[in-house]
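Engineer:
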Amino acid sequence: MYPFSKIEKKWQKKWFSSGVYEPDLQSAKHPFYTLMMFPYPSAEGLHVGNMYAFTGTDIYGRFKRMQGYDVFEPIGLDGFGIHSENYAIKIGRHPVDQAKTSEKKFYNQLHMIGNGFAWQEHLETYDPEYYRWTQWLFVQMFKKGLAYRKKQAVNWCPSCKTVLADEQVIAGECERCGSLVVKRELEQWFFRITDYAGRLNDNLSKIDWSEKVKIAQRNWIGKSEGALIKFPIVDSEESIEVFTTRPDTLFGATYMVIAPEHPFVEKNKSKLTNLLEVNKYLKEARDKSEAERIEEGGEKSGVELKGVQAINPANRKSVPIWVADYVLSGYGTGAIMAVPAHDERDLEFARKFKLPIVPVVTTKLNDEFNATGLYVGYGTLENSGQFNGMDSEKAKWEITKFVGGKKKTQYRLRDWLISRQRYWGPPIPMIHCDKCEQAGRGERKDMPGWYAVPEKDLPVKLPYVKDFRPTGTDKSPLASVEEFYRARCPKCHALAHRETDVSDTFLDSAWYYLRYPSIKEKKHAWDAKLTKKWLPVNIYIGGAEHAVLHLLYVRFLAMALNDMRLVDFEEPFPKFRAHGLIIKDGAKMSKSKGNVINPDDYIKNFGADALRMYLMFIGPFEDGGDFRDSGIQGITRFLDRVWKFGSKTKFAVKSQEGIEKELHRTIKKVGDDIENLAYNTAIAALMVQLNKFEADPGAVSKEQYAAFIELLAPFAPHLTEEIWSKLHGPKAGSVHVATWPKYDPKLLVDSSVTVIVQVNGKFRSTVSVSRGSGEKEVVKIALADPKIKQIMGSRYAKKVVFVKDRLVNFVV
RNA sequence: GCCGGAGUGGCGGAAUGGCAUACGCGUACGACUCAAAAUCGUAUGAGGCAACUCAUGAGGGUUCAAGUCCCUCCUCCGGCACCA
Numbered sequence: 008m009y010p011f012s013k014i015e016k017k018w019q020k021k022w023f024s025s026g027v028y029e030p031d032l033q034s035a036k037h038p039f040y041t042l043m044m045f046p047y048p049s050a051e052g053l054h055v056g057n058m059y060a061f062t063g064t065d066i067y068g069r070f071k072r073m074q075g076y077d078v079f080e081p082i083g084l085d086g087f088g089i090h091s092e093n094y095a096i097k098i099g100r101h102p103v104d105q106a107k108t109s110e111k112k113f114y115n116q117l118h119m120i121g122n123g124f125a126w127q128e129h130l131e132t133y134d135p136e137y138y139r140w141t142q143w144l145f146v147q148m149f150k151k152g153l154a155y156r157k158k159q160a161v162n163w164c165p166s167c168k169t170v171l172a173d174e175q176v177i178a179g180e181c182e183r184c185g186s187l188v189v190k191r192e193l194e195q196w197f198f199r200i201t202d203y204a205g206r207l208n209d210n211l212s213k214i215d216w217s218e219k220v221k222i223a224q225r226n227w228i229g230k231s232e233g234a235l236i237k238f239p240i241v242d243s244e245e246s247i248e249v250f251t252t253r254p255d256t257l258f259g260a261t262y263m264v265i266a267p268e269h270p271f272v273e274k275n276k277s278k279l280t281n282l283l284e285v286n287k288y289l290k291e292a293r294d295k296s297e298a299e300r301i302e303e304g305g306e307k308s309g310v311e312l313k314g315v316q317a318i319n320p321a322n323r324k325s326v327p328i329w330v331a332d333y334v335l336s337g338y339g340t341g342a343i344m345a346v347p348a349h350d351e352r353d354l355e356f357a358r359k360f361k362l363p364i365v366p367v368v369t370t371k372l373n374d375e376f377n378a379t380g381l382y383v384g385y386g387t388l389e390n391s392g393q394f395n396g397m398d399s400e401k402a403k404w405e406i407t408k409f410v411g412g413k414k415k416t417q418y419r420l421r422d423w424l425i426s427r428q429r430y431w432g433p434p435i436p437m438i439h440c441d442k443c444e445q446a447g448r449g450e451r452k453d454m455p456g457w458y459a460v461p462e463k464d465l466p467v468k469l470p471y472v473k474d475f476r477p478t479g480t481d482k483s484p485l486a487s488v489e490e491f492y493r494a495r496c497p498k499c500h501a502l503a504h505r506e507t508d509v510s511d512t513f514l515d516s517a518w519y520y521l522r523y524p525s526i527k528e529k530k531h532a533w534d535a536k537l538t539k540k541w542l543p544v545n546i547y548i549g550g551a552e553h554a555v556l557h558l559l560y561v562r563f564l565a566m567a568l569n570d571m572r573l574v575d576f577e578e579p580f581p582k583f584r585a586h587g588l589i590i591k592d593g594a595k596m597s598k599s600k601g602n603v604i605n606p607d608d609y610i611k612n613f614g615a616d617a618l619r620m621y622l623m624f625i626g627p628f629e630d631g632g633d634f635r636d637s638g639i640q641g642i643t644r645f646l647d648r649v650w651k652f653g654s655k656t657k658f659a660v661k662s663q664e665g666i667e668k669e670l671h672r673t674i675k676k677v678g679d680d681i682e683n684l685a686y687n688t689a690i691a692a693l694m695v696q697l698n699k700f701e702a703d704p705g706a707v708s709k710e711q712y713a714a715f716i717e718l719l720a721p722f723a724p725h726l727t728e729e730i731w732s733k734l735h736g737p738k739a740g741s742v743h744v745a746t747w748p749k750y751d752p753k754l755l756v757d758s759s760v761t762v763i764v765q766v767n768g769k770f771r772s773t774v775s776v777s778r779g780s781g782e783k784e785v786v787k788i789a790l791a792d793p794k795i796k797q798i799m800g801s802r803y804a805k806k807v808v809f810v811k812d813r814l815v816n817f818v819v
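Note that the first sequence covers residues 8 to 819 in the working numbering.
(1) Do you know whose CA, among Leu718, Asp592 and Glu80, lies nearest Tyr40's CA?
(2) Taking the straight line between their C-alpha atoms, what separation do you get for Ser308 and Ser325?
(3) Locate the beta strand (DSSP E) running through Gly392, then write down its first and last residues.
(4) Counting beta carbon pairs with one atom in the segment 205-221 and one in the segment 576-585, are three or more of them shorter than 8 angstroms?
(5) In whole angstroms, what is the alpha-carbon distance linking Ser391 and Ile240?
(6) Please state whether the Cβ-Cβ distance between Val774 and Val762 is less than 9 angstroms.
(7) Going by C-alpha to C-alpha distance, which of Val264, Glu311, Ala331 and His269 sits closest to Lys295?
(8) How big is the Cα-Cα spacing for Pro254 and Glu578?
(9) For Ala689, which residues of its own chain have a beta-carbon under 6 angstroms away from its beta-carbon, when the five flanking residues on both sides are left out?
(10) Determine the closest residue to His743 out of Tyr9, Ser12, Glu29 and Pro10, with distance taken between C-alpha atoms.
(11) Roughly how many whole angstroms lie between the Cα atoms of Ala204 and Ser510?
(12) Of all the options Leu754, Leu618 and Leu117, which has the alpha carbon lying nearest to the alpha carbon of Ile610?
(13) Does DSSP classify Ser777 as helix, strand or coil?
(14) Could you name the residues that DSSP lists as bridge partners for Arg584?
(15) Tell me where the beta strand (DSSP E) around Arg156 begins and ends.
(16) Would you kindly report the start and end of the unbroken beta strand (DSSP E) that includes His504?
(17) Have a look at His504 and Arg448 and give me their C-alpha separation to the nearest angstrom.
(18) Rank Ile438, Trp227, Val707 and Gly631 by C-alpha distance to the C-alpha of Glu664 and give the top, closest one.
(19) State yes or no: is the C-beta of His439 within less than 9 angstroms of the C-beta of Glu506?
(20) With DSSP collapsed to three states, give me the class of His725.
(21) Taking Cβ positions, are Ile328 and Val264 nearer each other than 9 angstroms?
(22) Enumerate in chain order the residues of its own chain whose CB-to-CB distance from Glu490 is below 8 angstroms, with the five nearest sequence positions on each side excluded.
(23) Give me, in chain order, the residues of the same chain whose beta-carbon lies closer than 7 angstroms to that of Ala501; leave out the 5 immediate sequence neighbours on both sides.
(24) Fully enclosed by the segment 450-507, which alpha helix (DSSP H) runs are 4 residues long or longer?
(25) Tell me, to the nearest whole angstrom, how far the beta carbon of Glu729 is from that of Leu684; I am working on the premise that it is less than 8 angstroms.
(26) Using only alpha-carbon positions, find the residue among Ser231, Ile228, Thr251 and Asn226 that is nearest to Ser238.
(27) Using 8 angstroms as the Cβ pair cut-off and three pairs as the minimum, do the segment 180-189 and the segment 163-170 touch?
(28) Hey, is the segment 257-276 in contact with the segment 343-357, meaning 3+ C-beta pairs nearer than 8 angstroms?
(29) Once the 5 residues before and after Val660 are set aside, which same chain residues still bring their CB inside 8 angstroms of it?
(30) Tell me, which residues are paired with Leu171 by DSSP?
(31) Here's the rule I'm using: 16 or more other beta-carbon atoms within 10 Å means buried, otherwise exposed. How should Val467 be labelled?
(32) Can you list, in chain order, the residues of its chain with a C-beta nearer than 7 angstroms to that of Pro436? Leave out the 5 residues immediately preceding and following it.
(33) Write down the C-beta distance between Tyr523 and Glu128 rounded to the nearest angstrom, noting that I regard them as a contact closer than 8 angstroms.
(34) Sort Asp633, Phe715, Leu588 and Ile604 by Cα distance to Val649 and report the nearest one.
(35) Ends of the alpha helix (DSSP H) at Phe406?
(36) Given Phe513, which residues of its chain have a CB within under 7 angstroms of its CB, disregarding the five upstream and five downstream residues?
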């Protein structure tokens, strides 16, 4: 066994002191910014899944560095936030103290895995020098009208005791702790991400991202094209506007449904003849949790607003108005026209409450009826007055025009709720002044009384408070710290009140990539010149679980900053790849299952290089795979053989052509594979190469072995560095800044090729012919092959399929 | 329900429409050893002495040729989920 432990420690030290992985940020000629999503520093330490992701990113970076790029691969910690805070609470330590412990442990481990990190530029989101700028960003968003307060029913996690953004609720459960989320009516800070829904959606087609992440974002943004149509109210000036994607079915709208929260209900209570019944329903709907709604599985409930009627603007017939919670207040106008003949939900509702069903679209094709016999596709209109016989697609806009409606693109995306009633985050840098509010003054007209903390006063430091635990009220623990919340109004200098909520962790991580190159910049969040030089990020890698969390927020913020002319790109990550998940025994690693793999033991027993390579060899990087102890043996054997080959073999003086050709094929294969993040097959190719070397060790030259070591260098950085220094002496410099070997395309092609011979499409034999041989010649050689001769017997080929240099197929 | 992705040896997995099972693990046998471990060598999809036949979730199809393309279905994983 090679002395990996000694070797790895030695080179980690040398790399760190020599700065081999530190690009010259100011004057680099070929900047290449490679980035992996920075981790939450859970105090349990680095998880083998983190290491997997980091290694995959590092290999790519090392490859690019050897290709001559000035690679920048920074690292930091996403240390603020509920995750870290919950852990601190659990073990009974203060988050500030725990952060220090976690940081040390995490960074130690990150040194051990052998990545080419630019350690000088590390950052931690809880560092006041960092969150000062997170707060500054909030202020910019506020000044541009992109941050605002509003009161509405929001997601509340009873266990984390804070509100959550929609993206942080996964199937009704808290993204962090898994508790069932309930609704609370609260006034909170939001970011106007919905203003960017269209761009967030449309830009997806321009960026090179893992397809599944793009699809997830598209689904989440939820673009749909339709129309807004007004339904007048009988004997009233009022009307109710609906959003529909099927205005062609307007003649079939036999009733309307509005959400329980729709203002029309409150406004018209005096007209209702069944007010008691309606009030009862409203109360029930309000008290129902998200979880209960999901549990009901779509069983419809509702109540008619008796005493009011609307008019279908297409046929002027009056239709009843119902209130039902299957219509959501937050989407569209919070009101729908119900067309039970062509919409499943409306049909279910109509059947339950015995409402009329009028089909208005028919089709000759018999293929788009669902199980209930309902026709949901497009076709030809009927029961639609003058539009009868018209095609649905055309009728959509004709009918919209006819009733004075307008085209509308609707998105499902909601605004990003930024406030958190927690301690461990950057305080939202806002001050509220009662006096100014009463006077109708404010920094923004639409938000009287509110002022951003002036830039010179940033950061608003998070105080070290004893009782940091979440309160469970709608206030953060900071709300009871008078020294913190007492402030002067920036405008009138009256005694005012600071905002005491902190911002969402996802705001910290929405801009960290901008800070890395500019970490030494003290006066601005980022340096304009450095940013222009290094951004956008060349390749970004991370988990697909962030498809609609981090990856959506970060794009949104970049677009907003682009609009403010603070950055000159819209998309921070033109190329993103989602890495796979490392599972254990078929299940996701989790502490509760007791199957979490800590890399430390494996590094101790097998070395970081072996663990790195094993992780990469499990399967395609974008798929992940199952971690099993036995697999690491194969890699250990391989690395050991590489080591032995170098120390034992007497190198050939002159390179031999066969081996040279083989090597050039490997150079091409490994390079191509790394470019595609196909690390598992790159490693397989290296193994094949070593097998060939070992088959004839005396024929391998020192240069050939050295080239092989270079190919291996991104995967096993320590071992290759050690071998490299032994091969070339101490003055040779690092293998990691050596030039990636080039292959000679001429050497990739052989003068003779193996051609497959088939009879009736079945493989029967192969023959060797010189490259480029014509059909006649190859057929002659193939027919002379004894095996083919025997199979063909006295038969003759009716047809011959010939593919040059590949195959010949005799059809008899 | 809708939208994705995937089903290949005992296992992880390879395969521009053209030699299925590369590479590795495991297993068996052999060498070395007093012995074991480690290491090295050989074999290893199934059936068959062999020629050969059958095998890429199931069933159809296109093609000289299908793991790969098309249709139907099954299973698993992921995302969204009353979004009008």
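Just so you know, even glycine gets a beta-carbon here, dropped at the ideal spot from N, CA and C.
Structural biologist: On the basis of the coordinates in this document:
(1) The residue with the shortest Cα to Cα distance from Tyr40 is Glu80.
(2) Each residue's Cα considered, the two are about 22 angstroms apart.
(3) Membership of Gly392 in any beta strand (DSSP E) is not indicated, and neither H nor E is assigned to it by DSSP.
(4) The segment 576-585 and the segment 205-221 touch, with no fewer than 3 CB-CB distances between them shorter than 8 angstroms.
(5) In a straight line, the C-alpha of Ser391 is about 21 angstroms away from that of Ile240.
(6) Yes; because the gap between Cβ atoms is below 9 angstroms, this pair is in contact.
(7) Closest by alpha carbon: Ala331.
(8) Between Pro254 and Glu578, the alpha-carbon positions lie close to 35 angstroms from each other.
(9) Excluding residues within five positions, the ones whose Cβ falls inside 6 angstroms are Val677, Asp680 and Ile681.
(10) Per the Cα distances, Glu29.
(11) Distance from the CA of Ala204 to the CA of Ser510, rounded to the nearest whole angstrom, comes to 22 angstroms.
(12) Answer by Cα proximity: Leu618.
(13) Ser777: strand per DSSP, three-state reduction.
(14) DSSP, once it has assigned bridges, lists Ile548 as partnering Arg584.
(15) It spans Ala154 to Cys164 - the beta strand (DSSP E) in which Arg156 sits, taken as one unbroken run.
(16) His504 -> beta strand (DSSP E) spans Leu502 to Arg505.
(17) Approximately 15 angstroms, taken between the alpha carbons.
(18) Of Ile438, Trp227, Val707 and Gly631, the smallest CA-CA separation from Glu664 is found for Val707.
(19) Cβ atoms of His439 and Glu506: closer than 9 angstroms.
(20) Looking at His725 - three-state DSSP - the assignment turns out to be helix.
(21) The beta carbons of Ile328 and Val264 sit closer together than 9 angstroms.
(22) Contacts found: Pro470.
(23) Excluding sequence neighbours, Ala501 sits near Cys440 and Lys442.
(24) Taking only runs of at least 4 residues, the alpha helix (DSSP H) segments lying wholly in the segment 450-507 are 489-492.
(25) Not really, about 26 angstroms apart at Cβ, beyond 8 angstroms.
(26) Checking the sequence shown, residue 238 turns out to be Phe, not Ser. Closest option to Phe238, Cα to Cα, is Thr251.
(27) Touching, yes.
(28) Note that the segment 257-276 touches the segment 343-357; at least 3 beta-carbon pairs, one per stretch, sit closer than 8 angstroms.
(29) Contacts found: Ser708.
(30) Per DSSP, the beta bridge partners of Leu171 are Asn162.
(31) It counts as buried.
(32) Only Gln142, Phe145, Val146, Ala459, Val460, Leu465 and Val467 meet the Cβ criterion.
(33) Going by Cβ atoms, the distance from Tyr523 to Glu128 rounds to 5 angstroms, so yes, they are a contact pair.
(34) Looking at the Cα atoms, Phe715 is the closest of the given residues.
(35) Just to set this straight, residue 406 is Ile in the shown sequence, not Phe. First-last of the alpha helix (DSSP H) with Ile406: Ser399 to Phe409.
(36) Contacts found: Leu556, His557 and Tyr560.
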